[in-house]
Amino acid sequence: MVPVRPPHQSTATTRYDLPEADAFTRAYWTAAADGRLLLRRCGACGRAHHYPREFCPHCWSDDVTWQEASGLATLHTWSVVHRNDLPPFSTRTPYVAAVVDLAEGPRMATEIVDSAPADLRAGTELTVAFRDGIPVFRPRPVPARRAEST
Numbered sequence: 243m244v245p246v247r248p249p250h251q252s253t254a255t256t257r258y259d260l261p262e263a264d265a266f267t268r269a270y271w272t273a274a275a276d277g278r279l280l281l282r283r284c285g286a287c288g289r290a291h292h293y294p295r296e297f298c299p300h301c302w303s304d305d306v307t308w309q310e311a312s313g314l315a316t317l318h319t320w321s322v323v324h325r326n327d328l329p330p331f332s333t334r335t336p337y338v339a340a341v342v343d344l345a346e347g348p349r350m351a352t353e354i355v356d357s358a359p360a361d362l363r364a365g366t367e368l369t370v371a372f373r374d375g376i377p378v379f380r381p382r383p384v385p386a387r388r389a390e391s392t
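First residue of the sequence shown? That's 243 in this note's numbering, and the numbers climb one at a time after it.
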């Protein structure tokens with residue numbers, strides 16, 4: 243397995259937040275490095291799933307393909323992490339670990355960025371962002387309301 247690391251990342255320090263891509267997951271991590279979130283979709287039952295697997299966890303079919311996700315999600319649950327001794331998490335505390343409901347159906351473990359924990363609510367609308375090729379989520383911008391003419 244070859245670790246997926248940013249070009250500036252030295253191999254001298256182990257980064258516990260960066261995945262090791264293998265032949266099967268390489269497409270997922272390559273897309274993430276390009277700012278695209280991929281899911282697997284089953285050709286037999288039609289359901290999407292995440293994390294990537296070579297079979298459908300719903301019907302066990304191996305007729306699964308990659309699909310680009312919309313990048314939209316809602317917040318299901320979260321927890322504020324105040325202590326984590328693994329690099330680089332120790333320099334990021336506190337951070338928000340979360341589970342989100344992707345618009346396509348699957349749930350995904352992730353991190354919420356660009357939001358104060360006190361501002362989060364279950365059901366908060368989110369959009370995907372990428373940090374070092376890792377999908378994270380941030381609150382979706384609320385469209386500005388247009389002033390009505392009188």
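Here a beta-carbon is modelled for each residue, glycine too, at the ideal position from N, C-alpha and C.
Kindly identify the DSSP beta-bridge partner or partners of residue i.
i	result
Glu296	Glu296 is not bridged to any residue.
Leu206	For the chain, the structure presents residues 243 to 392; residue 206 sits outside this window and is missing.
Trp397	Lying outside 243 to 392, the shown extent of the chain, residue 397 is not represented and no answer is given.
Leu260	Per DSSP, none; premise fails for Leu260.
Val378	Ala371
Which of helix, strand or coil does DSSP assign to residue i?
i	result
Ala345	coil
Arg268	helix
Ala273	helix
Ala290	strand
Ala358	coil
Thr333	helix
Leu328	coil
Thr366	coil
Arg247	Only weak support is given to the placement of Arg247: the predicted model assigns it a pLDDT of 44, under 50, and the value that follows is read from those uncertain coordinates. Looking at Arg247 - three-state DSSP - the assignment turns out to be coil, as it is neither helix nor strand.
Which residues in the same chain have their Cβ closer than 6 Å to the Cβ of residue i, if we skip the five residues on either side of it in sequence?
i	result
Cys393	As displayed, the chain neither begins before 243 nor continues past 392, which places residue 393 out of reach and without an answer.
Ala290	Leu281, Arg283, Glu346, Gly347, Pro348
What residues in its chain sit with their C-beta under 8 Å from that of residue i, if we drop five residues either side in the sequence?
i	result
Arg363	Leu317
Arg349	His292, His318, Val341, Val342, Asp343
Val378	Thr352, Glu353, Ile354, Val355, Val370, Ala371, Phe372
Looking at C-alpha atoms only, which residue of the options is the closest neighbour of residue i?
i	options	result
Val341	Ala263, Trp271, Val384, Tyr293	Tyr293
Pro359	Ala386, Val323, Asp259	Val323
Glu296	Thr256, Asp264, Ala315	Asp264
Asp259	Arg387, Pro383, Asp374, Thr272	Asp374
Three or more C-beta pairs closer than 8 Å, one from the segment 332–339 and one from the segment 270–286: is that the case here?
Between the segment 332–339 and the segment 270–286, the count of Cβ pairs shorter than 8 Å is below three; the stretches do not touch.
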